[in-house]
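What follows is a single structure, written as structure tokens, with notes after it.
Chains as they are written, first to last, in the working numbering: chain A, 577 to 956; chain B, 39 to 360.
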């Protein structure tokens, strides 16, 4: 297993820039999810790491070795395709053993390792079946088997659960994570499904238009989103944005929205006059009759354990996650209160979060990481 | 009768599955069509086992005494002898010997049919192999790589089929004479390959386009070079397309008459120009011609039956969900 380091990676297809200046490091044994909508450059990034596309610029290091322009076959990586790409003219056993065959592993050794891998994935009973008749989950496991049998430097997975039905996906999410816990393989996992990413990954890189918007742990991404895009993409329902126009000085703790004062984490920077948005997670809202910020009930979705209540305010629709017990009538006026220290403030012009006590460190984190590394490299 | 029919007929047949009645009508139509198309073939076969007088009798004979004379005449050359000479010969050594003697003739030696037939086999299968090999590689290239001017090149390749090949017969005849390719098996193979390769490229490109790239990418990540991935992963999945293409190429090369009669006359002559030249006494030896045609049909029949499985099996894309 090895660390993957991606430096200022860039990929252009003619005029279209698929990936611009991406840098991140997946540490040895870490599980990274590249998360974003289709066309955001996540698959292109993965394919460049795999060697299936050559970058337009930048560098890729695998376990300290520069592999930027090396052939895929020389990188010692494993790739799980979205459609699995199991060779249809081979049975399960030959599919799993195929990567070993290219390395000239002796037949007996191939047999032993294929069987060992099959046992690990609990597919040893279907080894001699053709792959064409397999169910989705078994196909998935065979594809995984083909990936892990070789003990490669890292695993790259391109939406491997995308074609499975929802119920089964949950099972596979658990299995994949358990497998990762057992073999500690450095993994890059591409998905557009935030739940998969949150459930499995140690780190998530949220991508949009070829740019990594945020690279952090799932908790950090959820609790301290670096941009409005991330805040909106992660969470279901997503973060609410209460838009208002103001200029705020460093140290400010109150935002004035629709004539009401709203407490928020202390700002760590000046904000020039302009359109701002206060970001509130649905679960950080409660109804309070005394709150000056008012709205009217617009609708409610009952979800069993809780309910999502939509409130129409002067700043737009706000969705709150509330206990399921009480029922609300549409049109009722309510007051909204927020958990003050969990709010994010965004500058609508740049879409970035304004540094505050809550966000302290988030924005600078990656650059600092890199500087530290460069410094160490210098001294070393 | 009504009891056995009533219940299922009214109730269930699915929308997709045709009803038993539709199936019966379809089956009858297929059989009728097969019978119509088989008539000439059956007639050729019947002619091949008629005696020469029966073969040209009018009205044509449906009932006749079968004879091997046509096959005997196809494979042999004969000379006429006096009845006394024949009577003095030792007893006939085989069926053909006996049949020939009844016509007051003796077998003088083998005919040219076998060597011509062998020429046909070599040239047709050789050119098919060449056309399909080249076509597969070219089609793979066009399908997977960014080839500059790919569309123009493909159109250019197709354009070689936009005129009847015989339109260039004279230039090719002169060219072949200069190159010393006239009446050689190599020359005919190259010619048929040149005609067939365009068809092969276009047909196979369609088939290879259908094979997802992920298979090769998976193989390359599994440590194989592109060429290894091509042979181990792409080719096995393209067998259906290759089989279909091979049959088309083979049928063309096997049946080709115009170039063969123009460019070959001796050692490289193929069966098609040879068969009609089988002359009997007092005119065309129709049973021998029919016998030659019958035998000529066999290889293509066998080839098609052998590859029928490949043609029908369909590509198992099952492992990749679409």
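Ideal placement from N, C-alpha and C gives every residue a C-beta, glycine not left out.
- In the three-state scheme derived from DSSP, where H, G and I count as helix and E and B as strand, residue 183 (chain B) is classed as coil.
- Within the region 821-849 of chain A, the complete beta strand (DSSP E) segments at least 3 residues long are 830-833, 836-839, listed from N- to C-terminus.
- For residue 347 (chain B), the secondary structure class from DSSP, reduced to helix, strand or coil, is helix.
- Residue-level contact by beta carbon holds for residue 626 (chain A) and chain B, with a gap shorter than 8 Å.
- With a threshold of 8 Å between beta carbons, residue 659 (chain A) makes contact with chain B.
- At least one CB of chain A lies nearer than 8 Å to the CB of residue 253 (chain B).
- At a Cβ-Cβ threshold of 8 Å, residue 764 (chain A) and residue 611 (chain A) do not count as neighbours.
- In the assembly as shown, residue 296 (chain B) is an exposed residue. Its beta-carbon has fewer than 16 other beta-carbons within 10 Å.
- Interface criterion not met: the Cβ of residue 307 (chain B) is under 8 Å from no Cβ in chain A.
- As the crow flies, the alpha-carbon of residue 712 (chain A) is around 39 Å from that of residue 894 (chain A).
- The Cβ of residue 261 (chain B) sits closer than 8 Å to at least one Cβ of chain A.
- Distances from the alpha-carbon of residue 321 (chain B) to those of B:87, B:178, B:66, B:94 put B:94 closest.
- Under the DSSP assignment, residue 671 (chain A) falls in the alpha helix (DSSP H) whose first and last residues are 668-678.
- Flagged as an interface residue toward chain A: residue 274 (chain B), by a C-beta distance shorter than 8 Å.
- Residues 794 of the same chain have their beta carbon placed closer than 6 Å to that of residue 774 (chain A), with the five preceding and five following residues left out of the count.
- Distance from the CA of residue 60 (chain B) to the CA of residue 53 (chain B), rounded to the nearest whole angstrom, comes to 12 Å.
- Just so you know, the alpha carbons of residue 875 (chain A) and residue 245 (chain B) end up roughly 54 Å apart.
- Rounded to whole angstroms, the Cβ separation of residue 707 (chain A) and residue 733 (chain A) is 18 Å, and the two are not in contact under 8 Å.
- Residue pairing for residue 587 (chain A): DSSP places it in a beta bridge opposite A:595.
- Runs of the alpha helix (DSSP H) lying entirely within the region 638-718 of chain A, each at least 4 residues long, are 668-678, 683-696 in chain order.
- Residue burial annotation: residue 294 (chain B) is buried, with at least 16 other C-beta atoms found within 10 angstroms of its C-beta.
- Out of B:289, B:300, B:312, B:303, the CA that lies nearest to the CA of residue 340 (chain B) is found in B:289.
- Under the DSSP definition of a beta bridge, residue 788 (chain A) partners with A:783.
- Rounded to the nearest angstrom, the gap between the Cα atoms of residue 259 (chain B) and residue 653 (chain A) is 7 Å.
- The beta-carbon separation of residue 851 (chain A) and residue 819 (chain A), rounded to 6 Å, stays under the 8 Å limit for a contact.
- Using a CB distance cut-off of 8 Å, residue 663 (chain A) counts as an interface residue toward chain B.
- Between residue 136 (chain B) and residue 292 (chain B) the beta-carbon gap is near 34 Å, outside 8 Å, which marks them as no contact.
- Below 8 Å, enough C-beta pairs join the region 158-178 of chain B and the region 271-287 of chain B to call them touching: three or more.
- Interface annotation, residue 143 (chain B): not in contact with chain A, CB-CB separation never under 8 Å.
- Using a CB distance cut-off of 8 Å, residue 678 (chain A) counts as an interface residue toward chain B.
- For residue 228 (chain B), the closest alpha carbon among the candidates B:263, B:205, B:167, B:109 is that of B:167.
- Close to chain A, meaning a Cβ-Cβ distance shorter than 9 Å, are the following residues of the region 272-297 of chain B: 274, 275, 277.
- Taking all protein chains shown into account, residue 216 (chain B) has fewer than 16 neighbouring C-beta atoms within 10 Å of its C-beta and is therefore exposed.
- Residue burial annotation: residue 906 (chain A) is exposed, with fewer than 16 other C-beta atoms found within 10 angstroms of its C-beta.
- The beta carbon of residue 250 (chain B) sits closer than 8 Å to some beta carbon of chain A.
- Using a Cβ distance threshold of 8 Å, residue 866 (chain A) and residue 835 (chain A) do not count as a contacting pair.
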